[in-house]
Amino acid sequence: MGVSFDTKDYLWKRSIKEHTIPWLNISDLQGNKGSMIDRNKAISLPHKVLIDPNGVVILNSNKLDDVKNKLQEIGLM
Numbered sequence: 359m360g361v362s363f364d365t366k367d368y369l370w371k372r373s374i375k376e377h378t379i380p381w382l383n384i385s386d387l388q389g390n391k392g393s394m395i396d397r398n399k400a401i402s403l404p405h406k407v408l409i410d411p412n413g414v415v416i417l418n419s420n421k422l423d424d425v426k427n428k429l430q431e432i433g434l435m
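So for the sequence shown, our numbering puts the first residue at 359; every next one is plus one.
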């Protein structure tokens, strides 16, 4: 899932299309003033959150290496 902090609908949708983003991407179009920042505990951008099949957050980080390490740890990489 991707969380966008865009404030303009057309910019958000254009970015999804231009980058061919295949996963769910959500936004409240409130930028860094909306509830998405607090709800997803994003402290920097880009930010990565891994969620297991049960909906449990298993990683919350801004570092790609953390994602790679976690994916290796759980056998998905």
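Every residue gets a Cβ at the ideal spot worked out from N, C-alpha and C, and that includes glycine.
For this session: Determine, using beta carbons only, whether K406 and N420 come nearer to each other than 8 Å.
Result: By one-based count along the sequence shown, residue 406 stands at place 48. By one-based count along the sequence shown, residue 420 stands at place 62. Result yes, Cβ atoms of K406 and N420 sit closer than 8 Å.
Exercise. Apart from the five residues just before and just after D364, which ones in its own chain have a Cβ nearer than 8 Å to its Cβ?
Worked result: Taking the first residue of the sequence shown as position 1, residue 364 is located at position 6. Excluding sequence neighbours, D364 sits near W370, S373, S385, L387 and G389.
Exercise. Under 8 Å, do I416 and L422 count as touching if we go by C-beta distance?
Worked result: Looking up residue 416 in the sequence shown gives position 58. Looking up residue 422 in the sequence shown gives position 64. It is not a contact, given that the beta carbons lie outside the stated cut-off.
For this session: Please report how far the alpha carbon of G360 lies from the alpha carbon of P380, in whole angstroms.
Result: Position 2 of the sequence shown, counted from the start, is the residue given in the question as residue 360. Position 22 of the sequence shown, counted from the start, is the residue given in the question as residue 380. Going by the C-alpha atoms only, they are around 10 Å apart.
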